[in-house]
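Taken in sequence, the protein lines are chains B and L.
Going by this note's numbering, 516 is the number at position 329 of the first sequence; the sequence numbering is gapless.
Going by this note's numbering, 216 is the number at position 202 of the second sequence; the sequence numbering is gapless.
Glycine included, every Cβ here is placed at the ideal spot set by N, Cα and C.
Keep in mind the model is a prediction, meaning the values are calculated, not measured.
Here is the structure we will look at, set down as structure tokens.
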Amino acid sequence: MMPEPTTPDAIRLALHGVGCRFGKVTAVDDVTLELRAGEFVSLLGPSGCGKTTTLRMIAGFIHPTAGTIAMDGEVLSSPSGSQPPQRRNMSMIFQSYAIWPHMTVAQNVAFGVKLRGLNAATVKQKVERILDIVRLRHLAERYPATLSGGQQQRVALARAMVVEPRVLLLDEPLSNLDASLREEMRFEIRRLHDEFRMTSIYVTHDQAEAMVTSHRIAVMNHGRVEQVGTPYAIYNNPKTRFVAGFIGRTNLLEGKAQGRVIRFDGFAADTTLFAFAAELDGDATLSVRPQSIGLAGAAPAPVAGRRMWSIEGTVTQRAYLGEFWDYIVAPLGGNMPLRVSAPPAVDFDVGARVWMSIDPTQVVHVT
Amino acid sequence: MAQHLWPVTGRRSPGVMARLRHVEPSIGIWILLVVVLAFLIVNPLSRLLLSSLQDPGSGQFTLANFAAAYGQPRYLAALRNSLVLGVSVTALCIVTAVPMAWAVSRTDMPGKTLVGVLTFGAFLTPPYLGALAWILLAGPNAGWLNAAIVAVTGAEKGIFNIFSFPGLVFIIAIYSYPYIFVFTTAALKTMSSEMEEAANILGAGVWRTTLFITLPLALPAILGGAIITFLEAIALFGSPAMIAIPARYNVVTTQLLEFFSYPVRVEVAAAYVLPLLAVTVLLYLVQQRLIGGRGHVTVTGKGGARTLIALGRLRWVVFGGSMVVCTLSVILPLVVIAQAAFAKTWGTGFHAGNLTLDNFRFILFEHQSASRSIINSLAYAAAAASFALALALAIAYIVQRRLMPFGGVLSFLCLAPFVVPGIVLAIGFYAAYAPQPFALYGTATIMILAFTTRFLPIAYANASAAIRGLNPELEDAVRILGGGRITAIRRVVAPLLKGSLVGAWLLVFIPATRELSTAIFLYGPNTRVMSVMLLGLADEGALEPAAALGLLLLAVIIAIVGIGYALLGREFLARQGE
Ligand SMILES: Nc1ncnc2c1ncn2[C@@H]1O[C@H](COP(=O)(O)OP(=O)(O)OP(=O)(O)O)[C@@H](O)[C@H]1O
Ligand SMILES: [Mg+2]
Chain B
188 MMPEPTTPDA IRLALHGVGC RFGKVTAVDD VTLELRAGEF VSLLGPSGCG
238 KTTTLRMIAG FIHPTAGTIA MDGEVLSSPS GSQPPQRRNM SMIFQSYAIW
288 PHMTVAQNVA FGVKLRGLNA ATVKQKVERI LDIVRLRHLA ERYPATLSGG
338 QQQRVALARA MVVEPRVLLL DEPLSNLDAS LREEMRFEIR RLHDEFRMTS
388 IYVTHDQAEA MVTSHRIAVM NHGRVEQVGT PYAIYNNPKT RFVAGFIGRT
438 NLLEGKAQGR VIRFDGFAAD TTLFAFAAEL DGDATLSVRP QSIGLAGAAP
488 APVAGRRMWS IEGTVTQRAY LGEFWDYIVA PLGGNMPLRV SAPPAVDFDV
538 GARVWMSIDP TQVVHVT
Chain L
15 MAQHLWPVTG RRSPGVMARL RHVEPSIGIW ILLVVVLAFL IVNPLSRLLL
65 SSLQDPGSGQ FTLANFAAAY GQPRYLAALR NSLVLGVSVT ALCIVTAVPM
115 AWAVSRTDMP GKTLVGVLTF GAFLTPPYLG ALAWILLAGP NAGWLNAAIV
165 AVTGAEKGIF NIFSFPGLVF IIAIYSYPYI FVFTTAALKT MSSEMEEAAN
215 ILGAGVWRTT LFITLPLALP AILGGAIITF LEAIALFGSP AMIAIPARYN
265 VVTTQLLEFF SYPVRVEVAA AYVLPLLAVT VLLYLVQQRL IGGRGHVTVT
315 GKGGARTLIA LGRLRWVVFG GSMVVCTLSV ILPLVVIAQA AFAKTWGTGF
365 HAGNLTLDNF RFILFEHQSA SRSIINSLAY AAAAASFALA LALAIAYIVQ
415 RRLMPFGGVL SFLCLAPFVV PGIVLAIGFY AAYAPQPFAL YGTATIMILA
465 FTTRFLPIAY ANASAAIRGL NPELEDAVRI LGGGRITAIR RVVAPLLKGS
515 LVGAWLLVFI PATRELSTAI FLYGPNTRVM SVMLLGLADE GALEPAAALG
565 LLLLAVIIAI VGIGYALLGR EFLARQGE
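What follows is the structure, encoded as structure tokens:
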């Protein structure tokens, strides 16, 4: 986790009820989000959920059809008019990098600074400093076509940051890189953020990327923000089925609560096990992560002061993934198999009778 | 919805005025473009329709023009003749071009590059120049081939007469077959050889596979090329004017010339030309369906390495056949044109005493308007290419970047002249801009504007493709870093498009230098172009100077193609074929 800002900084960017429709398609619907100065927030969601559209509205390339976008208290976009991108003092890193192929690395990076009318000496000094920071000084006179993907990515970062934008927008900047480079660049982006503390919005559909880089994550689905929170909160306390399923793997158990019992297909639980017992009434869905489920060959002995939820079942499938076992366990007398991750030492054959034990504090009620 | 570039006003909130200061390409540009397109395309075509329905004197609505246009057997015969001509040319082209395309793309025939280059040469040769060459080759008495037959057999008289219906079909076909050749080759080359191998593995031999698998798969492409050939053949003016008029064989385009000779009856011409326009639009739509709007048929399946059909000894037969076609369309005509251009009298043959530069001197320095026509051709073509490209670029950019509403309409208008035969366009321009208040008939302006309109679709298709190849994020990056739309165009779009725009410019310039059918109805005493001049010289019987002029025209075309090739490489030739 990155250190939380110690003093509550001012709100830098505020989206209120922002929506965007393309004809009949609603790309973004009622998005409300606030960023404090220096904060790094990820927009995370599946393809087509409206991340790019949201980002491009913030940048001023697209006009919202509802709501307002304000920076430092000044409204930039509303359905009645938008400040054009060049007046916003933001910068953006594009999915394609959008490095101008007919300019050298140094010319690319200097472009924005020159547009700000600084004198040649200052431009040179700023460009050199940022190229040092992204470790590209030695490539300054090269043309982009001769650079590797990671180097191009760094040019894009340098070009966007050298103008010291009030908000930095990043649209899946790592999606064109191979896996190991992607991992390296994640930390690079975090390092640069720690150095400059630029208010940043980072669009990605890769949860690991979002978790490494961000103070907070906004999970989007079908144009809406489903939940905003720290990576820890999003993972451990998902509010919706979608968030629970999208961030990490999970078992979503659909049941029916009646009185003190919640019944699933083939098994049941005492609702008083859960802190959220009061919320349970009628249809309800619970989320249990595979690694929160313990497996044993015999019914677990009760432990004083610690109530467990225990389900008896049969192993129907298993795969060994090196770091853990991936089991599918079917509770007896029902058709609602659960996925269980178990340490390598916990070894059961397909067909074995097992007992699953779940710590109720690890179970989350989702809507 | 488009990205808004200017604030949508209506609510006066603070800051509206501040934002208005940053209004980017304004609505003014949009209006200007619409006006220009209306002037170039909408007005001429609507005037054409209108004048066909109006009494020329009173302007009253009337159907009399149609009665006049279709009231005489002679006029109806011309329509029928054009139809027969188009069908015959197309049939002849199919039987020559399809086997050639197959041999070039599917077999181990030798000399494929040579056949390809010569076919490209046939495509570049102005058909009226080919017609001139064939008058020299197969004129009824003195034509080279006839003279050769007389010399060899001792017969009294040669057997060829180019001034005949078969002669006309032949002369048009040898310059139209490249359309079918190009379409068919493209289809055969993109077709997966796995489809053929699938047939082979099931026991079909090479010939069976070719007949029942390969050719049926390429059929849409062949038909697409055939339609283009048919449309070209019926809209052609030069060859019929040179061959059919002496042969007293009337077709639609020569009949139109008759309506334009004194007293000019534009309204009858307009009525007469409408079926041509209708047929063109209709067949063009059919063609688009056939080729799926792509410019060529893509037959799915991975390309991959393909095995060529081994023809054995037959490959020399196939090569010989292809070379016969190329010889008739390019080599022989080039030889006789060059001979005539440097000859005192073309009929006396190849010998040193017959050599002279007089024809060039006559063309360049003595004839009152021939040298002028060369300058005119180059100047009008350059102006039209520049104008068409500027217009096409502006519109393609606006449409692709969705900067303004109704982009689709602008785009449609730019492409519309594609389905308008040159001769129809010329009559539309005449109807719209010859009368007061424009009174542009015979001026350079009307020539340039007509050429611009005629070749706007080529410019637009190329500009559009170039801009489509440019990632919009390159411009977005300029804007988010603080530059406006104009900065983005100047610093990023323009430098990146330079190469492809040079190519597009040349692609308009080449056909514009040789354009005839539009020019012939619009030129005046001082605005003759090379094509018009060449036709005039041939008409007067000054065949040697005509050949010299034709050779100069060919030299210009080849030089431009060379420049394009040097700048852009093979890609340029490929685009030329589209
Ligand atoms: N210009 C447009 N016209 C019509 N629909 C659009 C347009 N731009 C985006 N959309 C639609 O809006 C929705 C959101 O698109 P957006 O590009 O914001 O998704 P995304 O979350 O960035 O997806 P990805 O991860 O694939 O980049 C999609 O359904 C898309 O088809
Ligand atoms: Mg996106």
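Looking at the C-beta of residue i, does it have a partner C-beta in chain L at a distance below 8 angstroms?
{"i": "residue 248 of chain B", "result": "yes"}
{"i": "residue 203 of chain B", "result": "no"}
{"i": "residue 303 of chain B", "result": "yes"}
{"i": "residue 193 of chain B", "result": "Confidence at residue 193 of chain B is low in this model, with a pLDDT of 47, below 50, so its placement is unreliable and no value can be given for it."}
{"i": "residue 285 of chain B", "result": "yes"}
{"i": "residue 298 of chain B", "result": "yes"}
{"i": "residue 372 of chain B", "result": "no"}
{"i": "residue 234 of chain B", "result": "no"}
{"i": "residue 338 of chain B", "result": "no"}
{"i": "residue 516 of chain B", "result": "no"}
Could you tell me the distance, in whole angstroms, from the CA atom of residue i to the CA atom of residue j?
{"i": "residue 495 of chain B", "j": "residue 517 of chain B", "result": "19 angstroms"}
{"i": "residue 317 of chain L", "j": "residue 450 of chain B", "result": "The predicted model places residue 317 of chain L with a pLDDT of 47, which falls under 50 and marks its position as unreliable, so this point remains unresolved."}
{"i": "residue 332 of chain L", "j": "residue 184 of chain L", "result": "20 angstroms"}
{"i": "residue 212 of chain L", "j": "residue 226 of chain L", "result": "12 angstroms"}
{"i": "residue 505 of chain B", "j": "residue 527 of chain B", "result": "9 angstroms"}
{"i": "residue 543 of chain B", "j": "residue 514 of chain B", "result": "11 angstroms"}
{"i": "residue 304 of chain L", "j": "residue 239 of chain L", "result": "10 angstroms"}
{"i": "residue 525 of chain B", "j": "residue 536 of chain B", "result": "16 angstroms"}
{"i": "residue 448 of chain B", "j": "residue 425 of chain B", "result": "23 angstroms"}
{"i": "residue 554 of chain B", "j": "residue 236 of chain B", "result": "19 angstroms"}
{"i": "residue 109 of chain L", "j": "residue 142 of chain L", "result": "23 angstroms"}
{"i": "residue 487 of chain L", "j": "residue 53 of chain L", "result": "34 angstroms"}
{"i": "residue 474 of chain L", "j": "residue 433 of chain L", "result": "14 angstroms"}
{"i": "residue 502 of chain B", "j": "residue 216 of chain B", "result": "43 angstroms"}
{"i": "residue 421 of chain L", "j": "residue 554 of chain L", "result": "49 angstroms"}
{"i": "residue 229 of chain L", "j": "residue 198 of chain L", "result": "9 angstroms"}
{"i": "residue 207 of chain B", "j": "residue 474 of chain B", "result": "32 angstroms"}
{"i": "residue 419 of chain B", "j": "residue 227 of chain B", "result": "15 angstroms"}
{"i": "residue 36 of chain L", "j": "residue 389 of chain L", "result": "Residue confidence for residue 36 of chain L is low, a pLDDT of 40 falling below 50, so the modelled location carries little weight and cannot support an answer."}
Drop a sphere of 10 angstroms on the beta-carbon of residue i, count the other beta-carbons inside from all chains shown, and report buried for 16 or more, exposed for fewer.
{"i": "residue 573 of chain L", "result": "exposed"}
{"i": "residue 529 of chain L", "result": "buried"}
{"i": "residue 538 of chain L", "result": "exposed"}
{"i": "residue 85 of chain L", "result": "exposed"}
{"i": "residue 155 of chain L", "result": "exposed"}
{"i": "residue 125 of chain L", "result": "buried"}
{"i": "residue 173 of chain L", "result": "exposed"}
{"i": "residue 476 of chain B", "result": "buried"}
{"i": "residue 269 of chain L", "result": "buried"}
Does DSSP classify residue i as helix, strand or coil?
{"i": "residue 400 of chain B", "result": "helix"}
{"i": "residue 390 of chain L", "result": "helix"}
{"i": "residue 432 of chain L", "result": "helix"}
{"i": "residue 196 of chain B", "result": "coil"}
{"i": "residue 86 of chain L", "result": "coil"}
{"i": "residue 211 of chain B", "result": "coil"}
{"i": "residue 438 of chain B", "result": "strand"}
{"i": "residue 463 of chain B", "result": "coil"}
{"i": "residue 360 of chain L", "result": "helix"}
Would residue i pass as an interface residue toward chain B - the criterion being a Cβ-Cβ separation below 8 angstroms?
{"i": "residue 347 of chain L", "result": "no"}
{"i": "residue 419 of chain L", "result": "no"}
{"i": "residue 36 of chain L", "result": "Reliability fails at residue 36 of chain L, whose pLDDT of 40 lies under 50, so the model's placement of it is uncertain and the value that follows must be treated cautiously. Closer than 8 angstroms to some Cβ of chain B, the Cβ of residue 36 of chain L qualifies, so yes."}
{"i": "residue 506 of chain L", "result": "yes"}
Following a CB-centred definition, is residue i positioned closer than 7 angstroms to any heavy atom of ligand 4?
{"i": "residue 443 of chain B", "result": "Although ligand 4 was asked about, the structure shown includes only ligand 1 and ligand 2 as ligands."}
Mind pulling the alpha helix (DSSP H) runs of 4 or more residues that sit fully within the region 157-219 of chain L?
Scanning the region 157-219 of chain L for uninterrupted alpha helix (DSSP H) segments of 4 residues or longer gives 158-167, 179-204 and 207-215, listed from N- to C-terminal end.
Restricting to runs no shorter than 3 residues, where is the beta strand (DSSP E) found entirely within the region 289-333 of chain B?
Correct list: empty.
Please list the segments of the alpha helix (DSSP H) lying wholly inside the region 233-321 of chain L, counting only runs of 4 or more residues, in order along the chain.
Counting whole runs of 4 or more residues, the region 233-321 of chain L contains the alpha helix (DSSP H) stretches 266-274 and 280-305.
Which runs of the beta strand (DSSP E) fall wholly inside the region 453-521 of chain L and span at least 3 residues, in chain order?
Taking only runs of at least 3 residues, no beta strand (DSSP E) segment lies wholly in the region 453-521 of chain L.
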